[in-house]
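Numbering (our numbering), first residue to last: 1234 to 1355.
Just so it is clear, CB atoms sit at the ideal spot from N, CA and C, and this is done for glycine as well.
All of these numbers come straight from a predicted model, not from anything done at the bench.
Structure record follows, encoded as structure tokens.
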């Protein structure tokens, strides 16, 4: 498969030589058909964008996750460790909330905020 572009260029070069030296017409016809098939295989019409997107989500992405399941599992585990550590720190000392979440981002929502105030923000 990786040698196909090289073979395609070789077929085109042979076709050029065959035409220039007026070789057998059957040979020229064979090289033309071979070159045409190579061209369409390399540069021909591919599937449209909807099919490519569908194949990505149905086949390529799940395949990548299957191939990288260990790394994905470690990443998810580290994320939950971070969530647990942050929740434990804030539960033990509410001052950690301001150290973890900038005050501009929190916009008044924090461990001391009442349920009514949080509902009003929604």
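If contact is defined by three or more beta carbon pairs under 8 Å, each pair taking one atom from either stretch, is the region 1309 to 1321 in contact with the region 1335 to 1348? No, the region 1335 to 1348 is not in contact with the region 1309 to 1321.
Helix, strand or coil, according to DSSP, for residue 1236 in the structure here? Residue state, collapsed to three classes: coil.
Inter-residue Cα distance where the pair is residue 1305 and residue 1290: Each residue's Cα considered, the two are about 17 Å apart.
Using the Cα positions of residue 1273 and residue 1241, report the straight-line distance between them to the nearest angstrom. Each residue's alpha carbon lies about 11 Å from the other.
Pick helix, strand or coil for residue 1248, following the three-state DSSP scheme. Three-state DSSP puts residue 1248 in a helix.
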